[in-house]
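So the structure is just underneath, and the comments pick up after that.
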Amino acid sequence: MENNIRAAGISKSFGSQVALQELDFAAAPGEIFGFIGADGAGKTTLFKILTTLLRQDAGKAEVCGLDTDKDFREIRRIIGYMAGRFSLYGDLSVEENLKFFAQVFDSTLQENYELIRDIYVLLEPFKKRRAADLSGGMKQKLALCCALIHKPKVLVLDEPTTGVDPVSRREFWDNLKTVAAEGITTLVATPYMDEAMQCDRVALLQEGRILQIDRPAQIIADFPKAVIILKTEHNRNQLIRKLRKLPEAESVFSFGETIHVTCEPAIKGKLTAAIAAAESGISFQPEQAAGIEDCFLYYMQRADGRENN
Amino acid sequence: MRTILIILKKEFRQIFRSRPMLLVILAMPVIQLLILSNAADYEIKQLRLAIEDFDKSRLSAELIEDFTFNEWFELTALDLNQEKNDELLAKDEVEAIIAIEAGFEKNLQQDRTGNIQIRLNAIDGATAEVAASYIAGVINKWAVQEQKQVRSRYLYNPELNYKSYMVPGILVMLVSVIGIILTALNIVREKEIGTQEQINVTPIRKYEYILGKLIPMLIIGIVEFSLGLILAIVVFGVPHLGNILLLYVYLFFYLVVMCGIGLFISTVAGNQQQALFLAFFMMMIFLFLSGLFAPIESMPDWAKVMTKFVPLSYFIRVMRSIMLKGSGFLELQMELVVLIVMGIIMQTIAVLNYRKR
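Chains C and Y are the protein sequences, given in the same order. Each residue of the first sequence is one higher than the one before, counting from 238 in the working numbering. Each residue of the second sequence is one higher than the one before, counting from 2 in the working numbering.
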């Protein structure tokens with residue numbers, strides 16, 4: 238399938254601060270492509286380059302065959318962008334915001350109503366309300382509508398679900414799937430690793446580099462390590478510190494109530510027995526395959542370790 | 002063009018929705034004119050004088066008579082004792098001492114310079130300034146009768162009405178505040194709340210966006226000016242001898258300069274607070290060097306040079322000339338050229354510095 242977005246060797250620095258280092262990726266029409274990474278990993282910088290807000294120092298990026306550097310004007314007609322924070326006119330009503338952005342693209346609310354209908358029906362009762370007075374979830378829905386109002390070929394969403402309640406988050410992802418079904422390529426950045434599973438493909442970003450890039454299921458399938466999940470009655474942080482000293486434990490992370498320890502699959506049984514013998518008050522969770530978060534945390538820690546050595 | 006109209010519609014919708022702002026826009030000319038024109042009223046009703054006549058001639062007697070019969074002056078001492086008079090001045094019992102030198106009449110008759118000394122208590126500089134010009138006014142009038150030459154800057158404000166002198170200047174200040182502060186804040190606000198970025202990913206072009214931002218400010222400035230002008234003429238009875246339409250021509254070009262400065266500030270400021278401080282800082286300097294509160298003629302040379310770069314000083318001169326003097330375009334050509342050049346320079350710098358492609 239022809240790719241809608243292609244980036245090759247994208248680099249960007251702000252002074253001595255390196256934001257992106259030779260980034261490569263491509264996304265196909267209708268694909269939901271996720272970028273997972275901590276704050277400062279370079280997600281926003283990458284999105285700003287793809288949306289023509291910033292210029293890269295090196296490399297080439299194309300949106301629907303248009304160069305982000307040369308053809309920025311044409312690109313602006315075919316992308317929808319939703320910034321990390323709410324950036325619509327708070328003093329204008331829901332309807333006025335939508336109309337304004339539709340008109341700016343020489344379109345009307347009616348013309349592409351089909352595309353936003355599912356989202357807009359939820360907003361419609363509040364259409365006379367000032368955008369600033371909407372709830373967080375409603376603001377996100379309005380922003381998505383405004384980004385879609387001109388039926389873009391590519392939708393770029395920078396942390397659309399940050400600070401949104403879990404129910405609204407789920408609704409939001411449902412909306413995105415509807416949009417993707419229309420053949421719109423969606424790039425979405427998120428700091429939430431659990432949202433990775435909702436994407437068709439994900440790229441794990443750290444310090445301006447892509448660590449992993451694949452379908453989420455494939456990333457899990459390819460994960461070469463085993464995970465031990467345990468719980469303690471005693472001090473969790475103390476136990477984590479102790480476990481991290483074990484040479485066999487390759488990564489140890491706290492997952493809410495539980496602790497995840499990754500190791501070579503071959504020694505999983507041995508390590509489990511060793512931990513059980515050394516510590517009291519520990520209960521092991523039943524056998525479970527590694528999740529996407531285990532994979533990401535492991536890869537990020539490994540990249541970190543390389544950096545430091 | 003269509004895009005500019007869309008932006009204009011949005012801008013006016015936002016302005017009319019913001020009640021506090023609307024209130025300020027409407028109330029500002031009224032309040033500023035009422036307070037400032039009265040507070041900055043240096044008019045002195047009864048100026049107490051001491052006159053030292055060392056000449057005791059026909060001419061000096063005539064001059065003294067002019068002061069005695071003038072309702073603005075009150076002759077409190079006619080004494081040759083200089084020390085005693087100086088003491089009166091120091092104790093604030095008189096505002097000014099006029100000394101006519103011996104041989105004043107003789108010198109004038111022989112076509113030489115006849116000297117009159119005016120001593121003022123300059124602790125209150127503004128009063129002294131006004132007193133000096135009042136006295137100069139009387140001397141000037143007398144000199145005209147005697148066919149001698151003396152100059153007075155009150156030539157075109159014969160009633161010595163300070164309000165007439167101040168109000169046109171205050172109007173200029175008013176539209177300057179709109180032009181600089183409102184423009185800068187309006188644009189920086191979009192930067193601050195992030196809508197600027199959202200606009201930047203739309204097909205809106207840089208020139209469309211800037212025009213969409215500046216045109217509302219021009220319109221508000223013109224409305225504001227008109228409100229103030231009506232007030233000035235109707236309530237304050239400020240004369241309007243010249244062509245009002247010509248006034249608007251200058252106003253337009255002046256607003257272009259002001260909006261250019263506002264736009265420039267918005268390009269260097271990161272948020273509204275910075276923009277406000279920058280705009281305020283510029284306004285202060287402009288006001289001090291505008292000739293509104295302190296006459297440019299009495300400034301030191303370096304400050305006089307600086308006033309040449311202050312757009313306010315040109316527009317204030319235009320306002321006073323057209324309204325009080327009835328000047329026409331021919332006398333004010335230079336000012337128009339300067340304002341247009343300033344407008345082009347400011348707008349160019351601002352647009353070049355405005356980062357959007």
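Positions of the beta carbon are idealized from the N, C-alpha and C atoms, including for glycine.
| Query | Result |
| --- | --- |
| Rounded to whole angstroms, how far is the Cβ of Phe323/C from the Cβ of Ala380/C, which I believe are closer than 8 Å? | 6 Å |
| Check whether the stretch 226–234 of chain Y touches the stretch 134–148 of chain Y, counting contact only when three or more Cβ pairs, one atom from each stretch, lie closer than 8 Å. | no |
| State whether the stretch 238–246 of chain Y contacts the stretch 189–209 of chain Y, with contact taken as three or more CB pairs (one from each stretch) at a distance under 8 Å. | no |
| Tell me which residues share the same chain as Ala363/Y and place their Cβ nearer than 7 Å to its Cβ, disregarding the 5 neighbours each side in the sequence. | In the structure as shown, chain Y starts at 2 and stops at 358, and residue 363/Y therefore has no counterpart that could be examined. |
| Is the distance from the Cβ of Ala368/C to the Cβ of Val404/C below 8 Å? | no |
| Would you list the residues sitting across from Glu53/Y in a DSSP beta bridge? | Ala100/Y |
| For the stretch 301–330 of chain Y, which residues have a beta carbon sitting closer than 8 Å to at least one beta carbon of chain C? | none |
| Might you give, ordered along the chain, the residues of its own chain that have their beta carbon closer than 8 Å to the beta carbon of Ser285/C, omitting 5 neighbours on each side? | In the sequence as presented, Ser is not what sits at residue 285/C; that position holds Lys. If we look at Lys285/C and ignore the five residues flanking it on each side, its Cβ neighbours are Leu291. |
| Please list, in chain order, all residues of the same chain as Leu394/C whose beta carbon is under 6 Å from its beta carbon, the five residues on each side excluded. | Met319 and Val425 |
| Do we get a CB-CB distance below 8 Å when we pair Thr268/Y with the residues of chain C? | no |
| Short check: CB of Ala245/C to CB of Lys297/C, under 8 Å? | yes |
| Note the first and the last residue of the continuous beta strand (DSSP E) segment covering Arg356/Y. | Segment: none, Arg356/Y is in no beta strand (DSSP E) and carries neither H nor E. |
| Can you give me the Cβ contacts of Phe460/C inside the same chain, cut-off strictly under 8 Å, excluding the 5 residues immediately before and after it? | Ala527, Asp531, Cys532 and Tyr535 |
| Short check: CB of Pro502/C to CB of Ala458/C, under 8 Å? | no |
| Report yes if the CB atom of Ile447/C is closer than 8 Å to the CB atom of Arg438/C, and no otherwise. | no |
| Closest to Asn472/C by CA distance: which of Ile496/C, Leu413/C, Val255/C and Ala339/C is it? | Ile496/C |
| Beta-carbon of Asn201/Y versus every beta-carbon of chain C: anything under 8 Å? | yes |
| Relative to chain Y, which residues along the stretch 419–438 of chain C have a C-beta separation below 8 Å, given in chain order? | none |
| On a CA-only basis, which of Tyr326/C, Arg313/C, Lys388/C and Arg314/C is nearest Gln347/C? Give me that one, please. | Lys388/C |
| Taking C-beta to C-beta, are Leu48/Y and Tyr135/Y nearer than 8 Å? | yes |
| Can you check whether the C-beta of Lys198/Y is within less than 8 Å of a C-beta belonging to chain C? | The question names Lys, but residue 198/Y is Glu in the sequence shown. By this cut-off, Glu198/Y is an interface position. |
| Given that Ser193/C touches chain Y, what residues does it touch there, using C-beta distances under 7 Å? | Here chain C covers residues 238 to 546 and nothing more, so residue 193/C does not appear. |
| In chain C, which residues lie with their C-beta within 7 Å of the C-beta of Gly195/Y? | Ala320, Arg322 and Ser324 |
| Since Met375/C and Ile529/C should fall inside the 8 Å C-beta cutoff, what is the C-beta to C-beta distance between them, to a whole number of angstroms? | The Cβ separation is near 29 Å, so there is no contact. |
| Could you tell me which of Gln275/Y, Pro296/Y and Ile5/Y sits nearest to Glu193/Y, measuring between CA atoms? | Gln275/Y |
| Just how far apart, CA to CA, sit Tyr157/Y and Gln348/Y? | Because the pLDDT at Tyr157/Y is just 42, under 50, the model does not fix this residue reliably, and the value given afterwards should be weighed accordingly. Roughly 35 Å between the two C-alpha positions. |
| So, with DSSP's three-state summary, where would you put Asn341/Y? | In the sequence as presented, Asn is not what sits at residue 341/Y; that position holds Ile. Note: Ile341/Y maps to helix in three-state DSSP. |
| Taking a contact to mean a Cβ-Cβ separation below 8 Å, would you say Ile316/C touches Val391/C in this structure? | yes |
| Using CA atoms only, rank isn't needed, just tell me which of Tyr350/C, Gly327/C and Thr289/C is closest to Arg313/C. | Thr289/C |
| The beta strand (DSSP E) with Ala433/C in it runs from where to where? | No beta strand (DSSP E) contains Ala433/C, which DSSP labels as neither H nor E. |
| Which chain Y residues sit within Cβ distance under 7 Å of Val416/C? | Simply none; closest approach about 17 Å. |
| Out of Cys500/C, Glu419/C, Ala256/C and Asp276/C, point me to the one whose CA is closest to Glu396/C's CA. | Asp276/C |
| Within its chain, find whatever has a CB closer than 7 Å to the CB of Ser328/Y; leave out the 5 residues flanking it on each side and keep chain order. | Gly243 and Ser322 |
| With a 10 Å radius around its C-beta and 16 neighbouring C-beta atoms as the bar for buried, classify Gln443/C as buried or exposed. | buried |
| Applying a beta-carbon distance threshold of less than 9 Å, which residues of chain Y neighbour Arg314/C? | Thr203 and Pro204 |
| If distances are taken between C-alpha atoms only, which option among Val139/Y, Val189/Y, Met259/Y and Pro296/Y comes closest to Glu72/Y? | Val139/Y |
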